[in-house]
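For the sequence shown, my numbering gives the first residue as 27, with consecutive numbering after it.
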Amino acid sequence: MNEKKDCKIVQDLLPNYIENLTSEETNLFIKEHLKECTECQNILENMQKELNIDNMKREEREVKYIKKFSNKMKILKLIILTLIIIYVVIVIGRSFIMTSLSKKAKENLLNNNYYAKLYSYQGDSLTITESYNKGEDYLTTKTSYVNGNQIQKLTYYKKGTEELFLTDLDGKKYIQNPESMVGSHVVPEIYVSCGFLTNMQEAFITGIDKTYCNTKECYVFKGNDYERYVDKETGLIVRAIEKSDIDLFSSQIDMIIDYEYKFNVVQDSDIVRPDTTGYIFNE
Ligand SMILES: [Zn+2]
């Protein structure tokens with residue numbers, strides 16, 4: 027009877043006992059009892075087995091979860107790495123395109139026999155620039171129109187040591203001081219720099235696409251507020267767009283400039299002294 031009473035107590039204590047939550051004295055009491063009671067021994071063994079199975083299951087679940095998680099992280103890392111590699115390849119590709127364009131442009135810039143024609147549009151105003159260049163000599167005219175009416179014409183002429191600067195503003199024709207000939211020399215426009223590293227920096231922020239512009243095969247460089255169409259053959263800009271934000275407070279309109287160049291076509295006879303009839307000296 028006493029045995030049975032002990033059994034009840036021991037069995038109540040066993041769950042705590044196997045988790046090491048019982049005191050020294052209790053442990054001693056349980057051990058003493060277990061030595062003589064096979065029934066309680068069996069119960070303990072079963073409890074331990076179940077506990078082990080539980081632990082194993084939990085561990086398995088944890089391992090599975092960690093594996094699943096680390097697999098996801100691996101895939102994510104792989105995707106990020108792939109994207110970085112693709113981007114770097116794109117940037118390096120762009121840099122090579124830019125460097126090749128700059129080499130072609132450089133060759134053309136060394137050529138001092140060229141004809142250039144520029145159309146510059148902004149809203150309803152248009153400026154046409156025509157420039158004949160041969161060696162040090164040149165003849166450049168800039169004619170501005172608003173709504174199709176000519177409002178201004180500037181003529182720059184330099185041959186040998188002679189320089190002439192004529193202005194025609196709303197019919198007022200003046201011969202100006204040649205020292206004020208600013209921006210009279212039209213030089214082909216280039217976009218890219220010669221340095222590969224500088225181009226690479228630019229390539230990080232500028233998008234490049236292939237396109238056609240003014241019947242020429244081009245690369246277009248697009249920034250936030252500009253577009254540059256660069257001729258694949260010459261490396262020179264054939265179209266430039268300056269974008270302006272249109273908001274409530276400003277009514278600015280995009281400016282578009284179209285460029286046209288012809289090399290090795292200018293004759294001495296193209297650089298003719300302009301007719302100064304009707305022009306008076308601006309005192
Ligand atoms: Zn017992």
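We put the beta carbon where it would ideally sit given N, CA and C, even for glycine.
Check	Outcome
Limits of the alpha helix (DSSP H) - the one that Leu-77 falls within	64-136
Any non-hydrogen atom of ligand 1 within 7 Å of Val-36 CB	yes
Any 3 or more C-beta pairs closer than 8 Å across the stretch 136-143 and the stretch 237-252	no
For Thr-167, the nearest candidate out of Thr-193, Asp-150, Gly-186 and Glu-188 (CA to CA)	Thr-193
First through last residue of the alpha helix (DSSP H) which encompasses Glu-228	222-231
Rounded separation between Gln-74 and Ile-44 - CA only	7 Å
Proximity below 8 Å, CB of Ser-170 to CB of Ser-151	yes
Nearest residue (CA-CA) to Ile-216, options Arg-265, Pro-204 and Leu-180	Arg-265
Enclosing beta strand (DSSP E) for Ile-263 [first to last residue]	263-268
Three-way DSSP call (helix, strand, coil) for Met-27 in this model	Caution is warranted here: a pLDDT of 45 is assigned to Met-27, below 50, making its placement in the model unreliable, and no coordinate value can be reported.
Met-124 versus Lys-198, Glu-259, Leu-47 and Val-213, residue with shortest Cα-Cα distance	Glu-259
Outcome for Phe-95 when other beta-carbon atoms lying within 10 angstroms are tallied against a minimum of 16	exposed
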